[in-house]
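One structure is given below, encoded as structure tokens.
Here it is, written out as structure tokens:
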């Protein structure tokens, strides 16, 4: 049973435009969310996180939005750059829990 | 190096053999996680170590899987009597504590023939 879902396996965006990656979750007890970026043959790299007490967190070109009522989070990358081309995973964890639940990833291609 | 180191990077073995995968976390990181990623799937949690506390083994898929962490640092994941469905990339991650983002190694790609 997939508790964290990324329903778009792939996304293509023109360089300079905004990339929006989406993630849905089912467990209302999740209170800590993260986005990771992964290049082939490498481990995931942490990008940005958000706790459930906030609805937005920004770090440079990356912004994560959390909609708790909809159990939805999104990652915005603006402006998108060719080096952003990678697989993006969202992850979530419940209060007091140790286990992080990961989505299946979205492959982003930024076209020069 | 400054990052999480995993060895071997690739392992090919015959069905029924035992394998050991190693993880060297970042120095000073008290939390250590093992995950596996099967083809086309997300990361599946296996086990979590925090300092000297008893590990959270709730993600281990069967009793053929075990892990230990010696001296609060290096960890080994052991799979006994390997099966073809064990073929996956096994990833290790560490963090300063459970509330900090995890830093991942590059993984061990395990192939069972």
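Chains as they are written, first to last, in this note's numbering: chain B, 609 to 720; chain S, -9 to 103.
All C-beta atoms, glycine included, are put in the ideal place defined by N, C-alpha and C.
| Check | Outcome |
| --- | --- |
| Does the beta carbon of residue 8/S come closer than 7 angstroms to any beta carbon on chain B? | no |
| Using 8 angstroms as the threshold, is the region 36 to 43 of chain S in touch with the region 7 to 23 of chain S, meaning 3 or more CB pairs across them? | yes |
| Just checking: is the beta-carbon of residue 638/B within a distance shorter than 7 angstroms of some beta-carbon in chain S? | no |
| Within the same chain, show all residues whose beta-carbon is closer than 6 angstroms to that of residue 621/B, passing over the 5 residues directly before and after it, in chain order. | 627, 688, 718 |
| Could you list the residues in the region 653 to 669 of chain B with a C-beta less than 8 angstroms from some C-beta on chain S, going in chain order? | 653, 654, 657 |
| Quick one, which of 650/B, 646/B, 663/B, 669/B has its alpha-carbon nearest residue 592/B's? | As displayed, chain B neither begins before 609 nor continues past 720, which places residue 592/B out of reach and without an answer. |
| Cα-Cα, which of 699/B, 715/B, 634/B is closest to residue 656/B? | 699/B |
| By Cβ distance, which residues of its chain are closer than 7 angstroms to residue 654/B, with the 5 residues on each side in sequence left out? | 642, 644 |
| May I have the straight-line CA-CA distance separating residue 676/B from residue 702/B, to the nearest angstrom? | 13 angstroms |
| Mind checking whether residue 651/B and residue 97/S have CB atoms under 7 angstroms apart? | yes |
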